[in-house]
Every structure is written in structure tokens, then in C-alpha cells.
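For what it's worth, our numbering labels the leading residue of the sequence shown as 1281, then goes sequentially.
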Amino acid sequence: MATLLGSFTQSQLFNFACVPLLLLQCSLLHPAYEADPSARVIRSVLLPVIIGLAISTQSRKLFLPLEEYLHVNYGLVAVPTFHICCLAVQFAFHRGPALKASVAESEKRETVPKEVQADPTTIHKSTEGSLEHRHTGNTGRRQLNPYVNLNQTQATRLKDDPHSDNSPTVAELIKFSVGIVASPRGLAYTWAPPARCLSRASRKPIGQYIREQLVDSAKKHTMFLVTCAYLLPAINHPEGPSGWISETFGLQRSRALEVVVNQLTAAIFTFSAICAFNILGAVLNGAELLFITIARVILPEDLRPEPFDTSLYPPLFNRLGSRDNLSEFWGQGWQCVFRRDFVSCGGLPMAKLGRLFFGPGSEPLFMLMGSMLLSGIFHEWGIFTITKPDLGFSTTKFFVIQGVGIVLERTLNVRKVLGGRTMRPLRYVLTYFWLSYWSVDMFGILYV
1281 MATLLGSFTQ SQLFNFACVP LLLLQCSLLH PAYEADPSAR VIRSVLLPVI IGLAISTQSR
1341 KLFLPLEEYL HVNYGLVAVP TFHICCLAVQ FAFHRGPALK ASVAESEKRE TVPKEVQADP
1401 TTIHKSTEGS LEHRHTGNTG RRQLNPYVNL NQTQATRLKD DPHSDNSPTV AELIKFSVGI
1461 VASPRGLAYT WAPPARCLSR ASRKPIGQYI REQLVDSAKK HTMFLVTCAY LLPAINHPEG
1521 PSGWISETFG LQRSRALEVV VNQLTAAIFT FSAICAFNIL GAVLNGAELL FITIARVILP
1581 EDLRPEPFDT SLYPPLFNRL GSRDNLSEFW GQGWQCVFRR DFVSCGGLPM AKLGRLFFGP
1641 GSEPLFMLMG SMLLSGIFHE WGIFTITKPD LGFSTTKFFV IQGVGIVLER TLNVRKVLGG
1701 RTMRPLRYVL TYFWLSYWSV DMFGILYV
């Protein structure tokens, strides 16, 4: 037995042992088990096991040599490991229903918040109970939001199914847990981002959806190649981007040239990353569409996934180019794939600390800074995994400083002081200067 166990722990299969345990933990969020005290204890007990397995096996999953597989290891190893750890924390402490109420039920039970009434654009394209004005994540012992605190038998479609009962089948639990884990943005769940950040898209025929994805991916890929045509030679030059510019165009080296080139390089890096994110998102959406299509053909009926719902796959970024302040750029424009990770595992714990030491009024500030801090740690973890550690913690500092910028915007009331169309160009300049100026060191570690 010991020999068999030893051989299993050394196998590649053991490297992914945390995944079935994560699915088991997630299955206990099913409405038949969520409120059961023993199920909540099991979810908590599984937490350190899942995190321990995910972290301890990460180095065994890396593609070697590291210098040739930087982006592969970052996207396929480091990011999933961190995300799994965050999911384990969320599943351990989640309280309340998981699935949203249907549209009809939501309309009967929900009252539109004052914030939405004041800003009708907030409900643009919002469907399936996306009117809730709240932070994502239900971790810790806190009162559920009144807009989603529905009876569990009313808040889930599973209970409306005449074939379901208090003891769900294994197939139902598998579909339930896989559906949650495979949906990081969670638009079908109670922890979905507020509608002002991300709302469901309009339903489209599959053919139209595929065509739009292909066209958009082709555009983003072309722009990505254009940025790479500059970035690859620039960042690999012995003297950095400014050295490459000076040598290529015969310009004299100076401090001013270095500052300007570094700022432009950081901006191009950011645009290139946005293109890459969109391409990767389209690839993953296509893979999920293919998997669901094949699974619905070959799997038995009780394991068959629901048809592919195009409304659950809105654009990755929410009108990012129209954001002229930091609050909207990070809070509403940037992609929400890991938003719940940052809010649940960073923002909410920090908000509790702020409330404990400084009172309830400090919660929004600590929520913001905790979320930005964990976002920085998340990216720092990826860098630590694929290359040498950055002892200056440039990436973490970048995200924390973005949080500081948001606080300054609100304190100085920039939206009011620089309001109106005529001042909008200045708001753009200030916003993107703050973004690019503080990102130079973060991107610099990739080519220093």
C-alpha cells in the first residue's frame, strides 16, 4: 500500500489532485448541502488540503527550460494555481445560494437600488438579476445582500426541476460544480459583478457568435503582431528600449529620451497585453463551445451540459477606451475574470480589519486597497514562478499605487473639478499618465 501511494504521489496524475478536491468542495455549495453545518465543516477542512496540493505541485507542472516557456508557465501554471487557491477560500466561506433567480423571479422580488435609478446607464444590457449594487464574493459571516438573499428553493433552477430532490445525483453535482469552476466571471451566479462592471450580452445565434469572435481575434492578433514588432527588439536590446531607439534612428542618448521611450514602451506593453488577453479569451471561449458541443453529443443525458449560452460571454473588456478616470478604468472597464478572487480574498478581509480598527466608515477604503494589494500579489506570484524573484516588488507596488490614485481621485473630487466634455482630454491625460508612469518599473523587470 505504501509503495502504491508513493508511486501515485510521484506520478503526473498527483500534480492535479487538487482539482477533484476543489470540485468536491464546490459541490457542497449545492442548495441541498450549502446550509448543512457538516457540509460547511467539510468545505473548511478541504481548504488547507487544496491549497497545499496546488502550491506544492506547481513546480512539477512547469514547462522547461523556464526562459523558453515564460508565457506558457505564467498562463497555464502560475495563474491557475493562484486561482485555485482563491476558489478554495471562496468555497470554504461562502454562505447563501449560488445560482441567481430567474428573470421573472428577480422582477417580482427585487427593488431597483437608488444608485441604478440615479444612473439609468447602469442597467444597460443587464439581465437575470444583474441589478445588485454590491461587491462580489460572499466570504466570512456577513449579512447577504437584500437583492440576492432569496429562499434557496426559489433562487436556484435546480429546485425547479421536478427530477431533483433533496439528495442530488452524482451527475447533478458534477454539472453543478464544473459549471461554477469553469465560469470565473460568474454571470449566472449570485456573486456576479455588478451590472456597471459587467452585464450579460445579448443572445446570438452560434454562427454569428463564432464569426464575430473570429473577426475580433484576427483584428487583435494583427495589432498584437504590430506591437511585438517593436517590443521584441526593444526589450532584448542590451541597453533597453531607449538604446534600441537611439541605435535604430540615430538619436543621441539622453535622460529625456529614456523617460519618453520608457513611458511609450509601457503603454505599448499594456496595449499588447490587452490584445493578448482578448485573443486568449476568444480561444478559451471557442474551446468551451467545442467541449459543450461534443459533450452534449457523447455524454448521457444526466451528465450532458446545458447548451452554450452566448449571453454569458460578453466582451472581456467593458468599453475600456471610454474610461477617463482610474475608478472607471479599474472598476468598470478592466476585465473581471479574477475580480471575485481579489475582492473575496483581499478586499473583504481588509475591510473587516478596517472596520475593527477604524470603524465602519473605513470599509470602502480598506476594501479597495485590499483588492489592489491582492491583485499585485497575484501578478507577483506569476513573475516569481516563471523568473527570478523581484525583490523590489515592482508589480505589487504598481497595483497598490493604482489604488492610491483612485483614493486621490475621490478625495480631490476630480470628476467634479474636471467635469464636462471640454475637460475630458485632460482627464484622459492624467489617467493614462498615472497608469504608464508607475508601470515602467513593473514592465522593466521583464527586460532588465
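Ideal Cβ placement from N, Cα and C applies to all residues, glycine included.
{"Query": "What residues are listed by DSSP as bridge partners for Leu1379?", "Result": "Tyr1469"}
{"Query": "Whose C-beta lies closer than 7 angstroms to the C-beta of Tyr1510 among residues of the same chain, with five residues either side of it excluded?", "Result": "Ile1548"}
{"Query": "Comparing alpha-carbon positions, which option in Val1539, Ala1556, Tyr1489, Ala1514 lies nearest Phe1504?", "Result": "Ala1556"}
{"Query": "How many angstroms separate the CA atom of Arg1483 from the CA atom of Gly1601?", "Result": "24 angstroms"}
{"Query": "Taking the C-alpha atoms as reference points, what is the distance between Thr1337 and Asn1295?", "Result": "5 angstroms"}
{"Query": "In the DSSP assignment, find the unbroken alpha helix (DSSP H) run with Asp1621 in it and report its ends.", "Result": "1619-1622"}
{"Query": "Runs of 4 residues minimum, wholly inside the stretch 1312-1339: which ones carry the alpha helix (DSSP H) assignment?", "Result": "1317-1336"}
{"Query": "Cα separation between Val1720 and Leu1544?", "Result": "9 angstroms"}
{"Query": "Which same chain residues end up closer than 7 angstroms to Lys1500 when comparing Cβ atoms and leaving out the 5 residues on each side of it in sequence?", "Result": "Cys1555, Asn1558, Ile1559"}
{"Query": "Return the residue from the list Pro1345, Gln1493, Ser1655 that minimises the CA-CA distance to Thr1675.", "Result": "Ser1655"}
{"Query": "Output the boundary residues of the alpha helix (DSSP H) element that contains Ile1725.", "Result": "No alpha helix (DSSP H) holds Ile1725; DSSP gives it neither H nor E."}
{"Query": "Using a C-beta cutoff of 9 angstroms, does Arg1599 count as contacting chain D?", "Result": "The structure shown has no chain D; it contains just one protein chain."}
{"Query": "How about Gly1626 and Leu1653: do their beta carbons lie closer than 9 angstroms?", "Result": "yes"}
{"Query": "Roughly how many whole angstroms lie between the Cα atoms of Gly1672 and Ser1534?", "Result": "25 angstroms"}
{"Query": "Can you tell me the Cβ-Cβ gap for Arg1323 and Phe1371, rounded? I've got them flagged as a contact below 8 angstroms.", "Result": "6 angstroms"}
{"Query": "Classify Arg1659: buried if its beta carbon has 16 or more other beta carbons within 10 angstroms, exposed otherwise.", "Result": "Looking at the sequence shown, residue 1659 is not Arg but His. So His1659 counts as buried."}
{"Query": "Cα-Cα, which of Tyr1349, Ala1368, Gln1305, Arg1599 is closest to Ala1334?", "Result": "Ala1368"}
{"Query": "Using a threshold of 9 angstroms, state whether the C-beta atoms of Thr1711 and Asn1605 are closer than that.", "Result": "yes"}
{"Query": "State the Cα-Cα distance for the pair Gly1724 and Gln1682, rounded to the nearest angstrom.", "Result": "17 angstroms"}
{"Query": "Excluding the five sequence neighbours on either side, which residues of its own chain have a C-beta within less than 7 angstroms of the C-beta of His1517, listed in chain order?", "Result": "Gly1523, Trp1524"}
{"Query": "Does DSSP classify Tyr1354 as helix, strand or coil?", "Result": "helix"}
{"Query": "Just curious, the alpha helix (DSSP H) that Glu1519 is in, first and last residue?", "Result": "Here Glu1519 belongs to no alpha helix (DSSP H), and DSSP marks it neither H nor E."}
{"Query": "Whose CA, out of Ile1364, Glu1347, Ser1287, lies closest to the CA of Leu1301?", "Result": "Ile1364"}
{"Query": "In the stretch 1631-1709, which residue ranges form an unbroken alpha helix (DSSP H) of at least 4 residues, counting only runs that do not cross its ends?", "Result": "1643-1666, 1674-1692, 1694-1697"}
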